[in-house]
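J.: The following block contains the structure, expressed as structure tokens.
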Amino acid sequence: MEILCLGLSHHTAPVEIRERFAIAEARAGELARELASYPGLSEGVVVSTCNRVEFYAVAHEPGRGFDLLRQFLCERGLDVDGAGFFERLADDGVRHLFRVVSGLESMVLGETEILGQVKKAYQAAQDARATSRHLNKLFQRAFNVAKEVRTQTNITRGSVSVGSVAVELAEKIFGKLTSCRVMILGAGETSELTAGALQARGVKTLFVANRSHERAVALAEKMGGSALHFDDWTSQFGEVDILIGSTAAPHHVLTREKLAPIMAKRRHRPLFCIDLAVPRDIDPAVNQLEGVYLYDIDSLQSIASQSMEERRQELGVCQKLIERHVGEFSDWFAKPHPLGNPVGGLPMRNNGGASAPGGAASGGTAPQSV
Amino acid sequence: MDRTALVASTACFLLGFAHTMHALGARVYRRSLLNFFATFCGFLLQTVWLYQRGQTVGRCPLTTLFDVLVFLGWSVALIYMATGATYRLSLLGALTSPLVFLLQASALLMPMPVLEKGVSPVNPWLEFHAAVSVVAYGAFALAGIAGVMLLVQERQLKTHKLHSFFFHLPPIHDLATANRRLLYFGFALLTAGLLSGLRQGMAHVNLLRVVSISIWLLYAFLCIALGVRRIAPRRASWLAIGAFAVLLLTVWTVQIVSKG
Numbered sequence: 007m008e009i010l011c012l013g014l015s016h017h018t019a020p021v022e023i024r025e026r027f028a029i030a031e032a033r034a035g036e037l038a039r040e041l042a043s044y045p046g047l048s049e050g051v052v053v054s055t056c057n058r059v060e061f062y063a064v065a066h067e068p069g070r071g072f073d074l075l076r077q078f079l080c081e082r083g084l085d086v087d088g089a090g091f092f093e094r095l096a097d098d099g100v101r102h103l104f105r106v107v108s109g110l111e112s113m114v115l116g117e118t119e120i121l122g123q124v125k126k127a128y129q130a131a132q133d134a135r136a137t138s139r140h141l142n143k144l145f146q147r148a149f150n151v152a153k154e155v156r157t158q159t160n161i162t163r164g165s166v167s168v169g170s171v172a173v174e175l176a177e178k179i180f181g182k183l184t185s186c187r188v189m190i191l192g193a194g195e196t197s198e199l200t201a202g203a204l205q206a207r208g209v210k211t212l213f214v215a216n217r218s219h220e221r222a223v224a225l226a227e228k229m230g231g232s233a234l235h236f237d238d239w240t241s242q243f244g245e246v247d248i249l250i251g252s253t254a255a256p257h258h259v260l261t262r263e264k265l266a267p268i269m270a271k272r273r274h275r276p277l278f279c280i281d282l283a284v285p286r287d288i289d290p291a292v293n294q295l296e297g298v299y300l301y302d303i304d305s306l307q308s309i310a311s312q313s314m315e316e317r318r319q320e321l322g323v324c325q326k327l328i329e330r331h332v333g334e335f336s337d338w339f340a341k342p343h344p345l346g347n348p349v350g351g352l353p354m355r356n357n358g359g360a361s362a363p364g365g366a367a368s369g370g371t372a373p374q375s376v
Numbered sequence: 019m020d021r022t023a024l025v026a027s028t029a030c031f032l033l034g035f036a037h038t039m040h041a042l043g044a045r046v047y048r049r050s051l052l053n054f055f056a057t058f059c060g061f062l063l064q065t066v067w068l069y070q071r072g073q074t075v076g077r078c079p080l081t082t083l084f085d086v087l088v089f090l091g092w093s094v095a096l097i098y099m100a101t102g103a104t105y106r107l108s109l110l111g112a113l114t115s116p117l118v119f120l121l122q123a124s125a126l127l128m129p130m131p132v133l134e135k136g137v138s139p140v141n142p143w144l145e146f147h148a149a150v151s152v153v154a155y156g157a158f159a160l161a162g163i164a165g166v167m168l169l170v171q172e173r174q175l176k177t178h179k180l181h182s183f184f185f186h187l188p189p190i191h192d193l194a195t196a197n198r199r200l201l202y203f204g205f206a207l208l209t210a211g212l213l214s215g216l217r218q219g220m221a222h223v224n225l226l227r228v229v230s231i232s233i234w235l236l237y238a239f240l241c242i243a244l245g246v247r248r249i250a251p252r253r254a255s256w257l258a259i260g261a262f263a264v265l266l267l268t269v270w271t272v273q274i275v276s277k278g
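Chains as they are written, first to last, in the numbering used here: chain A, 7 to 376; chain B, 19 to 278.
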């Protein structure tokens, strides 16, 4: 018996290839069930995201697993030859899954969305009764590894995009963002993305001011905010907590002289200024005013790069942690099961609820024909 | 009198202190229950020691600088225990252990005064005055800690240099709120303590009374500045730190002068 993984990812194949092999969420469980009942294989999980398509299976005879897996896919019109598929066998396959769920194989190092996607894929396979003792144990262990990596290392720390850095800074100034008011000066794409990230964290009130009022109205409608005439933007400014500047103005739109009297009326309510424009919209001298926190595009990008660098530095710690779990899983896998391992191409019954940690107890041993 | 419970209590706070410093140094500070349990055990041992001390002297043990420092540490731990989980598990809560450790370690460096049971009857108003005033000092100490954290966080945000502890410090808005509330809470207790002291009459103006009223005036000014003048959080933090430093210095000076 050996665990194997056949897959392709953004590391090995461009999007044109990946999209050919993408499997709809609704089909993943069914395909896993077919995989688990294929002669010579037992158990199957199909993981398909925008960055990867991976097939996990348990082969009965060592050395033949990948041929069977390729044959299985070929019979379903998925010709994997020359498409950039990689093969991971036994410990390598286990290690690969642990790295995937921990975000170490993701395009954005340390991202956590992949864990939810793999959980869904595993759940679909479970619902289709395509998993049993080995893959239940493997995936449950993988989820524990991901949790450990996330809590015991800094691999997910910090934000790695301009929008998420802006959100993180805003939360360090205001705490919850639900009562914060945001004003966008200049309806650019980056400002829209940044405002969208702030809205996703609870911001409800949004003003948009743009030289072309039609564009301001369009963006305000799209984001559920209010449009202002550009000449009137200062009228609402006293109420604003976060200002996003991204106009094409060749000079500073907001200067220290203009802001100082407004800040005096705000009774020490802080103001977070995000200047995404080049040339800059906001005079750097406003950062010297009490309660004003100014970040331009360079400083936001610098924080994002610093966070990414810190994540890279954590890779060694994560790998060490993963290796320990690979070793422990390998020891468990090598132990003979008290009721023997199933053979003959029949997947084992799932027992209907293999979500308990450890998985071994939940995977039944009675063969099941499908 | 045996100081075993006090030494054990200090060791508990040292454990919390070491855990905080190690976690910050290793850049993996996480919310941890270890600090809470260390402080909880330390608080219980403090309470045992203060109870024994109270039994020995037959009154609230606040007659020497040694006792005052321990009682102040107990007050800080009490507020820590009485506040919600969010506070307890945040870095603000974690920094309680170092503060209490420093207060108690300072006390333990001194010889513990041997006190006999007082022969004069215990005056409950004076006991209340002393105890409540020291609990108020505990609140002021925590306001000072919140102030330090706000200044650190503010500096990081202004200079764009985000250190590892940036991620563990609470938002500026929350720190400003904590600072303000702790000052108000402490001031309310201090006022209650002062009023109970005044109930005994102020006919005899002595150093202790002058100091008590001066400290009350200092914090009254601070609370008015916060509530009426609405001073900026940054300035409020500096004032909270400065006022607590003055308070500590004054208590220490009074003890020295009283001995002299």
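Heads up, the beta-carbon is just placed ideally off N, CA and C, and yes, glycines get one too.
Between residue 332 of chain A and residue 145 of chain A, how many whole angstroms is the CB-CB distance? I'm expecting something under 8 Å.
T.: Translated into the one-based positions of the first sequence, residue 332 of chain A becomes position 326. Translated into the one-based positions of the first sequence, residue 145 of chain A becomes position 139. Not a contact, Cβ separation roughly 14 Å.
J.: Based on Cα-Cα distance, which residue from A/196, A/88, A/176 lies nearest to residue 246 of chain A?
T.: Taking the first sequence and counting its residues from 1, one reaches residue 246 of chain A at position 240. Selected option, being the one with the closest Cα: A/176.
J.: Would you say residue 309 of chain A reaches chain B, if we count a Cβ-Cβ gap shorter than 8 Å as a contact?
T.: In the first sequence, residue 309 of chain A corresponds to position 303, counting from 1. So yes, residue 309 of chain A belongs to the interface.
J.: Determine, using beta carbons only, whether residue 64 of chain B comes closer than 8 Å to chain A.
T.: Start at 1 with the first residue of the second sequence, and residue 64 of chain B comes out as number 46. No, residue 64 of chain B does not count as interfacial toward chain A.
J.: Which one or two residues does DSSP pair with residue 155 of chain B in a beta bridge?
T.: Taking the second sequence and counting its residues from 1, the one referred to as residue 155 of chain B is at position 137. Per DSSP, none; premise fails for residue 155 of chain B.
J.: One question on the structure: do residue 269 of chain B and residue 86 of chain B come within less than 8 Å of each other, judged by their Cβ atoms?
T.: Numbered from 1 along the second sequence, position 251 holds the residue referred to as residue 269 of chain B. Numbered from 1 along the second sequence, position 68 holds the residue referred to as residue 86 of chain B. Yes, these two residues count as a Cβ contact at 8 Å.
J.: In whole angstroms, give me the CA-to-CA distance for residue 265 of chain B and residue 233 of chain B.
T.: If you number the second sequence from 1, residue 265 of chain B lands on position 247. If you number the second sequence from 1, residue 233 of chain B lands on position 215. So the alpha carbons of these two residues sit roughly 7 Å apart.
J.: Kindly confirm or deny that the segment 287–294 of chain A and the segment 237–254 of chain A touch, where touching means at least three C-beta pairs closer than 8 Å.
T.: In short, these stretches touch, since the Cβ pair count reaches three.
J.: DSSP state of residue 53 of chain B, grouped into three classes?
T.: Position 35 of the second sequence, counting from 1, holds the residue named residue 53 of chain B. It is helical.
J.: Report the rounded CA-to-CA distance for residue 268 of chain A versus residue 292 of chain A, giving the unit in angstroms.
T.: As a working mapping, residue 268 of chain A is identified with position 262 in the first sequence. As a working mapping, residue 292 of chain A is identified with position 286 in the first sequence. One C-alpha to the other measures close to 12 Å.
J.: So, is the C-beta of residue 248 of chain B closer than 8 Å to a C-beta in chain A?
T.: Position 230 of the second sequence, counting from 1, holds the residue named residue 248 of chain B. Interface residue, yes.
J.: For residue 61 of chain A, which of A/194, A/95, A/192 has the nearest alpha-carbon?
T.: The residue you call residue 61 of chain A lines up with position 55 of the first sequence. Checking every option, the nearest Cα to that of residue 61 of chain A belongs to A/95.
J.: CB-CB under 6 Å to residue 351 of chain A, same chain, minus the five flanking residues each way: which ones, in chain order?
T.: The residue given as residue 351 of chain A occupies position 345 in the first sequence. Confidence is the limiting factor: at residue 351 of chain A the pLDDT is only 36, short of 50, which leaves the residue's position unreliable, though a coordinate-based value still follows. Contacts found: 45, 46.
J.: Drop a sphere of 10 angstroms on the beta-carbon of residue 353 of chain A, count the other beta-carbons inside from all chains shown, and report buried for 16 or more, exposed for fewer.
T.: Working through the first sequence from its first residue, we reach residue 353 of chain A at position 347. Any reading at residue 353 of chain A is ruled out, since the residue's pLDDT is 38, under 50, leaving its predicted position unreliable.
J.: What residue from A/167, A/128, A/140, A/161 has the CA that sits closest to residue 31 of chain A's CA?
T.: If you number the first sequence from 1, residue 31 of chain A lands on position 25. Residue 31 of chain A has its Cα closest to that of A/128, out of A/167, A/128, A/140, A/161.
J.: Specify the secondary structure class of residue 262 of chain A as computed by DSSP and reduced to three states.
T.: The residue you call residue 262 of chain A lines up with position 256 of the first sequence. Residue 262 of chain A falls in the helix class under three-state DSSP.
J.: Grab the span of the beta strand (DSSP E) containing residue 93 of chain A for me, first residue to last.
T.: Looking up residue 93 of chain A in the first sequence gives position 87. Element bounds for residue 93 of chain A: 92–95.
J.: Evaluate residue 317 of chain A with the Cβ neighbour count: other Cβ atoms within 10 Å of its Cβ, from every protein chain shown; 16 or more gives buried, anything less gives exposed.
T.: Residue 317 of chain A sits at position 311 when you count from the first residue of the first sequence. Classification for residue 317 of chain A: buried.
J.: Would you kindly work out how many angstroms separate the C-alpha atoms of residue 237 of chain B and residue 256 of chain A, rounded to a whole number?
T.: The residue you call residue 237 of chain B lines up with position 219 of the second sequence. The residue you call residue 256 of chain A lines up with position 250 of the first sequence. One C-alpha to the other measures close to 50 Å.
J.: Enumerate in chain order the residues of its own chain whose CB-to-CB distance from residue 72 of chain A is below 7 Å, with the five nearest sequence positions on each side excluded.
T.: If you number the first sequence from 1, residue 72 of chain A lands on position 66. Counting only Cβ-Cβ distances below 7 Å, and skipping sequence neighbours, we find 10, 12, 93.
J.: Which residues of chain A have a Cβ atom closer than 8 Å to the Cβ of residue 192 of chain B, listed in chain order?
T.: Your numbering for residue 192 of chain B matches position 174 in the second sequence. Under the 8 Å cutoff, chain A gives 181.
J.: Decide yes or no for the touch test of the segment 32–41 of chain B against the segment 113–129 of chain B: beta carbon pairs closer than 8 Å, at least 3 of them.
T.: Verdict: yes, contact present.
J.: Report the rounded CA-to-CA distance for residue 18 of chain A versus residue 111 of chain A, giving the unit in angstroms.
T.: For this step, residue 18 of chain A is matched to residue 12 along the first sequence. For this step, residue 111 of chain A is matched to residue 105 along the first sequence. Near 11 Å, if we compare the C-alpha coordinates of residue 111 of chain A and residue 18 of chain A.
J.: Starting from the beta carbon of residue 185 of chain B, find every residue of chain A whose beta carbon is closer than 8 Å, and list them in chain order.
T.: In the second sequence, the residue the question calls residue 185 of chain B occupies position 167. Here the neighbours are 163, 164.
J.: Taking the C-alpha atoms as reference points, what is the distance between residue 163 of chain B and residue 235 of chain A?
T.: Position 145 of the second sequence, counting from 1, holds the residue named residue 163 of chain B. Position 229 of the first sequence, counting from 1, holds the residue named residue 235 of chain A. Rounded to the nearest angstrom, the two C-alpha atoms are 45 Å apart.
J.: DSSP three-state call for residue 303 of chain A: helix, strand or coil?
T.: For the purposes of this step, residue 303 of chain A is identified with residue 297 of the first sequence, where counting begins at 1. Helix at residue 303 of chain A.
J.: Looking at the secondary structure, which residues open and close the beta strand (DSSP E) in which residue 49 of chain A lies?
T.: Against the first sequence, residue 49 of chain A aligns to sequence position 43. That run of the beta strand (DSSP E) goes 47–54.
J.: May I have the straight-line CA-CA distance separating residue 42 of chain A from residue 198 of chain A, to the nearest angstrom?
T.: Here residue 42 of chain A corresponds to residue number 36 of the first sequence, with the count starting at 1. Here residue 198 of chain A corresponds to residue number 192 of the first sequence, with the count starting at 1. Each residue's Cα considered, the two are about 46 Å apart.
J.: Report all residues from its chain with a CB closer than 6 Å to the CB of residue 100 of chain B; omit the five preceding and five following residues, and keep chain order.
T.: On the second sequence, residue 100 of chain B is found 82 positions in, with the first residue counted as 1. For residue 100 of chain B, where only same-chain residues beyond five positions count, there are no Cβ hits under 6 Å.
J.: Taking only three categories from DSSP, how would you classify residue 250 of chain B?
T.: Stepping through the second sequence from its first residue, residue 250 of chain B is reached at position 232. If DSSP states are grouped into helix, strand and coil, residue 250 of chain B belongs with coil.
J.: Considering only DSSP beta bridges, list what residue 211 of chain A is partnered with.
T.: As a position in the first sequence, residue 211 of chain A is number 205, starting the count at 1. For residue 211 of chain A, which the question treats as bridged, DSSP gives the partners A/187.
J.: If you reduce the DSSP assignment to three classes, tell me which class residue 313 of chain A lands in.
T.: Translated into positions along the first sequence, residue 313 of chain A becomes position 307. In this structure, residue 313 of chain A counts as helix in the three-state DSSP scheme.
J.: Relative to chain B, which residues along the segment 287–319 of chain A have a C-beta separation below 8 Å, given in chain order?
T.: Result list: 293, 296, 297, 299, 301, 305, 308, 309, 312.
J.: Looking only at its own chain, which residues have a Cβ that is under 7 Å from the Cβ of residue 141 of chain A, when we skip the five neighbours before and after it?
T.: Looking up residue 141 of chain A in the first sequence gives position 135. The answer, listed in chain order, is 49, 51, 62, 64.
J.: Are any of the Cβ atoms in chain B nearer than 8 Å to that of residue 178 of chain A?
T.: In the first sequence, counting from the first residue as 1, residue 178 of chain A sits at position 172. So, interface residue.
J.: I'd like the list of long-range same chain contacts for residue 295 of chain A, defined as Cβ closer than 8 Å, with 5 residues on each side in sequence excluded.
T.: By 1-based counting over the first sequence, the position of residue 295 of chain A is 289. Same-chain partners within the cutoff: 262, 265, 266, 269.
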